[in-house]
Amino acid sequence: RKEVEQDPGPFNVPEGATVAFNCTYSNSASQSFFWYRQDCRKEPKLLMSVYSSGNEDGRFTAQLNRASQYISLLIRDSKLSDSATYLCVVIVSGGYNKLIFGAGTRLAVHP
Amino acid sequence: EAGVAQSPRYKIIEKRQSVAFWCNPISGHATLYWYQQILGQGPKLLIQFQNNGVVDDSQLPKDRFSAERLKGVDSTLKIQPAKLEDSAVYLCASSQRQGISRWLYFGPGTRLTVT
């Protein structure tokens, strides 16, 4: 079983739609969680952190459910420019902090 | 502020040849990471340095891959000899503080094709 699992998609949605991505993680020692965005043939860039209380940044909302070991990202009012791959990232604590990336979920927003 | 620099951006080699990639992190960043990203997959950590010491190299195929960060600044990743399955994008990243993702910055990557 992969340490971080995501639905690879693609999610094909029209502009203005609301879309949600899920991510599950297997290591209960995971302590920090993030969503990264990766455009085609570009490097990953931090989108937002994920907190148990949930957090919102404009059209983006991230949620964490520690009991179910589940992270979500909600995008409202999708724009064409939201088309990208969204990577779930988990930091596992130990002797040092280890970052583990999911395989990503691809989103394609069409007119 | 200058970002993470990597070179070359693209490389095509034949299997069994050798190749080296270079990374210069953001000034002042103590932690440096090399990731391998195969098409359709997420980045996989190959090696993590804290200053010039190795923190994690558990997923580095040590029979063919090596990396160094001699002065705690720039780093080199080498593959010798290359295999077809090494075709991937090699991403270098750096952070000011170890393991803190919100301060993790990636370079543009080196796209390696092994034929």
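Quick note, the sequences are listed as chains P and B, same order.
Numbering of the first sequence is given in our numbering, commencing with residue 32 and proceeding in unit increments.
Numbering of the second sequence is given in our numbering, commencing with residue 7 and proceeding in unit increments.
Glycine is no exception: its CB is placed at the ideal position from the N, C-alpha and C atoms.
Measuring CB to CB, does residue i end up less than 8 Å from residue j?
| i | j | result |
| --- | --- | --- |
| I102/P | F91/P | no |
| V123/P | N58/P | yes |
| G135/P | G48/B | yes |
| R75/B | L38/B | yes |
In its own chain, which residues sit with a C-beta less than 6 Å from the C-beta of residue i, not counting the 5 before and 5 after it?
| i | result |
| --- | --- |
| V44/P | V50, S109 and V140 |
| F53/P | In the sequence as displayed, the identity of residue 53/P is Asn instead of Phe. The answer, listed in chain order, is S103. |
| N86/P | A93 |
Could you have a look at residue i and say whether DSSP puts it in helix, strand or coil?
| i | result |
| --- | --- |
| L90/B | helix |
| L52/B | strand |
| S59/P | coil |
| D88/P | strand |
| D113/P | helix |
Any idea which residues DSSP pairs residue i with across the strands?
| i | result |
| --- | --- |
| T116/B | Y96/B |
| I44/B | For I44/B, which the question treats as bridged, DSSP gives no partner whatsoever. |
| L5/B | As shown, chain B starts at 7 and ends at 121. That puts residue 5/B outside it, with no answer to give. |
| T37/B | Q56/B and S101/B |
| I19/B | V120/B |
With a threshold of 7 Å on Cβ separation, who are the neighbours of residue i within its own chain once the five nearest residues in sequence on each side are excluded?
| i | result |
| --- | --- |
| N128/P | I122 |
* Give the residues from the segment 22-38 of chain B that approach chain P closer than 8 Å (Cβ to any Cβ), ordered along the chain. => none
* **Members of the segment 89-120 of chain P that neighbour chain B once the beta carbon cut-off is set at 7 Å** => L118 and V120
* Output, in sequence order along the chain, the residues in the segment 38-55 of chain P whose CB is closer than 7 Å to any CB in chain B. => none
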